[in-house]
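Student: One structure follows; several queries about it will come next.
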Amino acid sequence: MLNKRHLPSITALQCFEAVTRHLSFTRAAEELNLTQSAVSKQVAQLEELLQHLLFRRVRRRLQMTPAGDLYLVEVRKILSQVEMSTHYLRSYGGETEVLRVSTPSTFGARWLVPRLKGWRLRHPSIHLDLCNEQEADDLLQGRSDLAFYFGQASRPGTECLKLFGEELVPVCAPGSLPDTPFTDPTQLTDLVLLQNASRPQAWHDWFDSQGYHTEHSYHGPRFETFYMCIRAAQVGCGVALLPRFLVEEELAEGKLVIPWQHAMPSSDAYYLAYPEHAAEVPKVRDFVKWMLAQIDSPA
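Following this line, the structure appears as structure tokens:
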């Protein structure tokens, strides 16, 4: 870790960033309500710390050096993050608590978000912060208070509540279907099998559950999320194997159809997890109670 003496001040970074926009120490000083000499001194100290020149004068005009261009990208990220974090904290009242919840992206958008309607009115002092970045130790490291996940109830140090299972069905756009109905499921490979990166075995298992095998079960474009698979199927890129509950809306509206009527239950399920030591934390307990009440709600 850098010694504190090797870390630039926020003032120095602000001065540098302002000078890069105006290419003038005088105008940067006016913007920051500082003297020209103060801004010049901050930039000089920054250059000394970095051991690189950030600006040079060419025919009495200020120009950025390659090192300055490179450093500017990072400085703007830092200042932007500081600004966002400050606004983030100022947006809460003194009694407001933040509840950080991680969720798979498509599950969050399709199932979770509709079931949060009314939460704010019922719990005005608990601010939800949802994200879709999931690491195995997020809960135990304190980066999340609760986490929705798909898998097995086997996360050490956490309480895992089973929400529901799923069944996988093939779906495609109506226009992708041939005029002649399929006579066996392997004919779906003619439509292009859309693959999901998180379920590489899915098509193989789906065919196998019916006693069929095809060398094409792993072939086809691969997408990171279910949402990408849904959109790809909807625009006619091929046939996707998806949890039925994630595409109920498209099926009801006729935007997607099921080309072969076989639903394969998954051996895993969706869970809501939280650290064992947080079981009696009021904001966690309130959210768990809310979610369990939403399981059978139509949304």
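Each residue of the sequence shown is one higher than the one before, counting from 1 in UniProt numbering.
Virtual Cβ for every residue (Gly too), placed ideally from N, Cα, C.
1. Under the assumption that A147 contacts S105 (Cβ atoms under 8 Å), give the Cβ distance between them as a whole number of angstroms.
2. What are the boundary residues of the beta strand (DSSP E) that includes L13?
3. Can you name, in chain order, every residue of its own chain whose Cβ lies under 6 Å from the Cβ of A28, other than the five neighbours on each side?
4. By DSSP, does F182 sit in helix, in strand, or in coil?
5. For I275, report the span of its beta strand (DSSP E) as first-last.
6. Do L112 and C172 come within 8 Å of each other at the CB atom, strictly closer than that value?
7. Give a yes or no on whether the C-beta atoms belonging to Y227 and A109 are separated by under 8 Å.
8. From this set, Q14, D286, V288, L116, which residue's C-alpha is nearest V43's C-alpha?
9. Could you compute how far the alpha carbon of L161 sits from the alpha carbon of R115?
10. With the cut-off set at 8 Å, would you say I258 and P170 are in Cβ contact?
11. Specify, as a first and last residue, the run of the beta strand (DSSP E) that L128 falls within.
12. Can you give the Cα-Cα distance for Y71 and N132, rounded to whole angstroms?
13. Which of the three DSSP states is assigned to A240 in this structure?
14. Determine, for T158, whether the minimum Cβ-Cβ distance to residues of chain B falls below 8 Å.
15. Considering L54, what are the terminal residues of the alpha helix (DSSP H) in which it resides?
16. With a threshold of 7 Å on Cβ separation, who are the neighbours of A197 within its own chain once the five nearest residues in sequence on each side are excluded?
17. Measuring straight from C-alpha to C-alpha, what distance separates A67 and E74?
18. Going by DSSP in three states, T189 sits in which element: helix, strand or coil?
19. Quick one: Cα of H216 to Cα of A240, how far?
20. Beta-carbon within less than 8 Å of A54's beta-carbon, same chain only, minus the 5 sequence neighbours each way: which residues are those?
21. So the candidates are D184, S209, H204; which of them puts its Cα closest to the Cα of G220?
22. State the Cα-Cα distance for the pair D145 and H52, rounded to the nearest angstrom.
23. In this structure, does DSSP put L70 in helix, strand or coil?
24. For the stretch 174-193 against the stretch 230-248, are there 3 or more C-beta pairs whose distance is under 8 Å?
Tutor: Working from what's here:
1. About 13 Å separates the two Cβ atoms, so there is no contact after all.
2. That residue, L13, is in no beta strand (DSSP E); its alpha helix (DSSP H) goes 10-22.
3. A18, V19, H22, V39
4. coil
5. A small correction: the amino acid at residue 275 is Pro; Ile does not occupy that position in the sequence shown. Element bounds for P275: 269-275.
6. no
7. yes
8. Q14
9. 17 Å
10. yes
11. 126-131
12. 30 Å
13. strand
14. The structure shown contains no chain B, having only a single protein chain.
15. Element bounds for L54: n/a, residue is neither H nor E.
16. R222, F223, E224
17. 11 Å
18. helix
19. 14 Å
20. The sequence as given places Leu at residue 54; Ala does not occur at that position. F16, V43, L46, E47, M64, T65, A67, G68, Y71.
21. H204
22. 43 Å
23. helix
24. yes
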